[in-house]
Amino acid sequence: MLRFDQNTLPQLEFQTAVKRPIPIRCAQIPEPFEVKTLEGIMKGKAGDWLMIGIDGEKYVCDQDIFKRSYQLKKN
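If you use full-length UniProt numbering, the sequence shown corresponds to residues 1 to 75, in order.
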């Protein structure tokens, strides 16, 4: 079985991919919260986002990651 380490870049022929612009539902939560996900309970900090994915799955997105990864759609 192959094993990859976080600190070492494997000698593979990597390609470049861009994440598709798929709209998802999200809400910023002003206080600490928990959500039951497919992987178990996730905890969010005040200001993190509750996300609902394309298959209806719920998960937490850290506020800093949200700012770098998402752009809110204007209604």
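Where a beta carbon is used, it is the ideal one built from N, C-alpha and C, also for glycine.
Asked, Found
"By DSSP's criteria, R25 is part of a beta bridge. Which residues make up the other side?", "I52"
"Could you give the DSSP three-state label for F66: helix, strand or coil?", "helix"
"Going by the CB atoms, is the gap between A17 and L50 shorter than 7 Å?", "no"
"Helix, strand or coil: how does DSSP classify residue 125 here?", "What the structure shows of the chain is the stretch from 1 to 75, and residue 125 is not part of that stretch, so it cannot be assessed."
"Applying the 10 Å Cβ sphere with the 16-neighbour rule, what's the burial state of G48?", "Checking the sequence shown, residue 48 turns out to be Asp, not Gly. So D48 ends up on the buried side."
"Per DSSP, which one or two residues make a beta bridge with G40?", "T37"
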